[in-house]
Structure formats: C-alpha cells, structure tokens
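Heads up, the sequence shown is in this note's numbering, so the first residue is 514 and it goes up one at a time. Everything on this sheet refers to the single structure shown next.
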Amino acid sequence: MSSKNTEHYKRALKIIPWATQTNAKKLQPQWGDSMPKFIDHAQGCRIWDLDNHEYIDFRCALGPIILGYQYPAVDSAVREQLKKGVLYSMASPLELEAAEAVMQNVPWIEQIRFMKTGADACTACTRLARAYTGREHILTSGYHGYHDCFALEWPNHGAPQVLRDTVHEIRYGDLDAVDLAFDLFHEQLAAVIVAPYEWNEDTGEKYLQRLRDKCDQYGTLLIFDEVLTGFRLARGGAQEYYGITPDLAAFAKAMANGYPISAFAGKREFMQTLKKTIITTTYAGETLSLAATKATMGVMKTEPVHEHINKLGRQLYDGFAEIIKEADAPAYAAGLSPAPYIQFNLVDDEKNAAWQDRLFSELFAMGIFPSERWFINYSHKPEDIDQTLDAVRRAMLKLTAKAQIK
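Shown next, in the form of structure tokens:
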C-alpha cells in the first residue's frame, strides 16, 4: 500500500493498540497490502482510503450502514438536531419519538430503552432476565459482545472464570445441546440469549423454535440478540423473518445507519423489572443518534429498503454460484440474500481459509471491499453488483488457474 496509508499506520500503531478501536478492523496481513489500512471518506456504497483508492463496500462498517454512507435523510436530520444541542440536563423529546419510530417497525415491542453499544444492550437484557426470574444461570448462543459473561469461551484473559458456574455456551443450531442444557439446569436458567441467525447456513427456524418451546416450559426468558439481524434480516428483524417472538431483544448497528446507539426492548411485563434494578448510562439520550434513528426508521417504513437489499443480494448470490461453476472452484454460494457469501468447501479448513484470503487480496486490488458476509445496503445499485461480479469472476478464474498449474 502506498505511503500515506503505511505512514499513518506506523504512527497509529505506536499509540493505539491494533492501530484501531475495533477488533474486526485490525489489519489482516493474510489479505495482503492491497487491503486499505484506513478509510478517509465514504459516500453511498463506496469508500475511499487515504490515497484516494476507491472501493465498492460490502462490509458496511461491520453492519451499521443499512441505507448507505451519508444518506441524505439521515444526515439532514442530524444536522438539524445539531443546531438544537447534543445532550441535555433532562430527557429530549426525541427519546419518545425515536422509540415510537422503532416500535412502528417492530410492532411486537411494548417498551424500549436506549443504550450506546450492542454489548451494553445484550448485558441489559440478561440483567433484566435475572432480576425478573430471581435466577442466575444464563444460556448463551452466538457472539454478544466483549463483556465478561459473553467472553468466557474466547482466549480472553481477564474474564473471571467463576462466571462459568452460571454462564453456559452452546453452539448455534445444536438441538441436542439445547435439550441437554435444559435437562441440566432447568428452573435455574433465567434466560437464553441467542443471535437468531449466525449468517451461516440457515438452521434458524428449528433452533429458535426449540429454544422458545423450552423457555416456555421452564419459565425462562428468551432474548434475541438482534444487534446485527435487527433491521437487516427484515424490517422487523429476526422476529418478523422467523415468526418467533422473544421476551426481550437487543438492537444496535443498522437502527441508525451508522450513528452510535443501541436499545434493549421487549414485553412490558419484563421491561417493568427496571423498577427493581438500575440500568443507566449518561449518553443514552444523546440527540444526534436519536435523530438518526428516527430518520432511519422513517426511511425503512416508507421506502422499499428491504425489497431492494434482498433483490440485489439475490443478484450477488446467483452471480457467485455462476462464477464458482464457471471457474470450477472448490466452493459454493451460501447465506441469505441480505448477506450472501462464498464458502470454500475443501476438507482442510486451513486450505479453505487460504483460498478466501487469496480471493480477498485479489478483490481489494480490484477496488472491491469484500466481507466474510457480504452486506448489501440501500445505496448499492445493480451496476455496482455487476462491477463486483466481474471482479469476482476475474479473481476466481485467476485463482483456479494457479491451482491447476500447481
């Protein structure tokens, strides 16, 4: 990569661990020097690095960009609110207005409170469940943020291991593990918190229904971690997509098109537990993100956002499948239309990772910012998908030609 990116990276690495604030944005050496180290600006579905190299972006800032970068309706609402102030000594009326806007898109919600990060919202849900049930054990399935109780299965020094006595993790989609966990802990379980869709093969419906049935049987609360699926899998999130309703849910990412906000929400009966436990943070009422939330929810309600995302996602998925067949690559197209991807399927996982690394490195060099799950936003256009698939075809044919030579 050219000098501006490299020099900026060297400076940042001296004073910022990883040279970034987010684990998933760490530099990935296996993707080569073609991967941009920093993004200078973004517009629509495109991003530019410090050397003004342009990329069609399918990472969407790890999921929050649902409408597109600098989306006019959202940024205009933020600019108007900035004239009034960012944070007040009492509640802003936007807290109510943003709450109502979210609930119009997710009608099963009866009450909602805002926070700042997805991890905060997930932790708030588990606190409410423990307070409501009087139980301490939690069953987790999927990634729910960095907080101690969700980090026990990582190589994560510093997370108190005593939490393993009451926090139990099971693999997404494992029905036998669900049954075993409830057999072992039954009425001790305060809640199950699950990422409703892991953006892999879709085993969600049977899995979520089994969890719903078990929770009902044992008086356990079911929590959907919709930090990533909320407002992306469908306008109403995983609850709308699968037709299975949780007791509580955590939302973040796509709810404000990139502005920092999250929420925990659910049935009034469970949210009213806030009368006996305190969950609070000063910046939850920050008005710019609330204005962005209200505007984003409004666009989703009045425009065909999810119809567009699904249509272009299917175009990308079908293109992946056609290219894989043409190149005779050891892979297949996978995922749901809001976030399709290419899955390499050799027996050796290390070889699969190597194929993906080589593919990504080629795509970065061609002006495409790929992702393990290729997120579509409302600003992507059919011609962006065509340009992307042309790059994927050239990259995949190059990789398979090299493989045949070897």
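Glycine residues also receive a C-beta, built at the ideal position from the N, C-alpha and C atoms.
Paired residues, beta bridge with residue i - DSSP
i: L702; result: H650
i: R559; result: Q556, I569
i: H657; result: The partner list for H657 (beta bridge, DSSP) is empty, contrary to what the question assumes.
i: F857; result: A844
i: S775; result: M628
i: D738; result: A763
i: H681; result: L652
i: G743; result: A747
i: F882; result: D570
i: Y582; result: G557
i: V707; result: S654, F737
Cα-Cα separation, residue i to residue j
i: G598; j: I579; result: 26 Å
i: A694; j: N536; result: 31 Å
i: I918; j: Y731; result: For I918, the predicted structure reports a pLDDT of 45, less than 50, and the residue's modelled location is therefore unreliable. A value from the coordinates is still provided. Roughly 59 Å between the two C-alpha positions.
i: P851; j: L829; result: 10 Å
i: D570; j: D696; result: 45 Å
i: V619; j: K629; result: 19 Å
i: S605; j: L741; result: 27 Å
i: A751; j: L902; result: 28 Å
i: N565; j: G557; result: 16 Å
i: K596; j: K766; result: 25 Å
i: N669; j: H681; result: 16 Å
i: M514; j: P883; result: Below a pLDDT of 50, predicted positions are generally treated as unreliable, and M514, at 42, falls in that range; the measurement from the model is reported next regardless. M514 and P883: Cα-Cα distance of roughly 17 Å.
i: E839; j: R559; result: 28 Å
i: T758; j: Y685; result: 18 Å
i: E820; j: E718; result: 21 Å
i: A464; j: G779; result: Residue 464 lies beyond the range of the chain shown here (514 to 919); nothing can be said about it.
i: R871; j: G576; result: 23 Å
i: Q674; j: L665; result: 7 Å
i: Q856; j: L609; result: 43 Å
i: P549; j: M616; result: 38 Å
i: G798; j: F627; result: 7 Å
i: K915; j: V905; result: 15 Å
i: W561; j: I552; result: 6 Å
i: D760; j: G658; result: 20 Å
i: D687; j: F663; result: 18 Å
i: D692; j: Q722; result: 12 Å
i: E739; j: F764; result: 5 Å
i: T794; j: Y601; result: 13 Å
i: K911; j: E896; result: 23 Å
Whole-number beta carbon distance between residue j and residue i, since they are thought to touch under 8 Å
i: T809; j: A769; result: 5 Å
i: Q624; j: M784; result: 4 Å
i: T913; j: D841; result: 6 Å
i: G743; j: V707; result: The pair is not a contact, with the Cβ atoms about 13 Å apart (cut-off 8 Å).
i: L676; j: D661; result: 6 Å
i: A762; j: E753; result: Actually they are not in contact, since the Cβ atoms of A762 and E753 sit about 12 Å apart, beyond 8 Å.
i: Y476; j: A555; result: Because the chain here runs from 514 to 919, residue 476 falls outside it and cannot be looked at.
Buried versus exposed, by CB contacts within 10 Å (16 or more), residue i
i: K539; result: exposed
i: W868; result: buried
i: T639; result: buried
i: D899; result: exposed
i: I529; result: exposed
i: N518; result: buried
i: K727; result: buried
i: M603; result: exposed
i: G756; result: exposed
i: R524; result: exposed
i: E782; result: exposed
i: Y720; result: buried
i: T815; result: exposed
i: Q594; result: buried
i: R592; result: exposed
i: E711; result: buried
Residue i and residue j closer than 7 Å at C-beta
i: G826; j: I881; result: no
i: A611; j: T806; result: yes
i: P773; j: F737; result: no
i: I792; j: A586; result: no
i: A703; j: T646; result: yes
i: G631; j: S775; result: yes
i: R886; j: Y854; result: yes
i: R725; j: L735; result: yes
i: A923; j: A804; result: The structure shown does not extend to residue 923, since the chain is modelled only from 514 to 919, so the question has no answer here.
i: R648; j: Q701; result: yes
i: M909; j: I836; result: yes
i: S547; j: A878; result: yes
i: L787; j: V705; result: no
i: S892; j: G545; result: no
i: G771; j: A532; result: no
i: T679; j: H699; result: no
Beta carbon proximity, residue i to chain C, threshold 7 Å
i: W868; result: In the displayed structure, chain C is absent; only one protein chain is listed.
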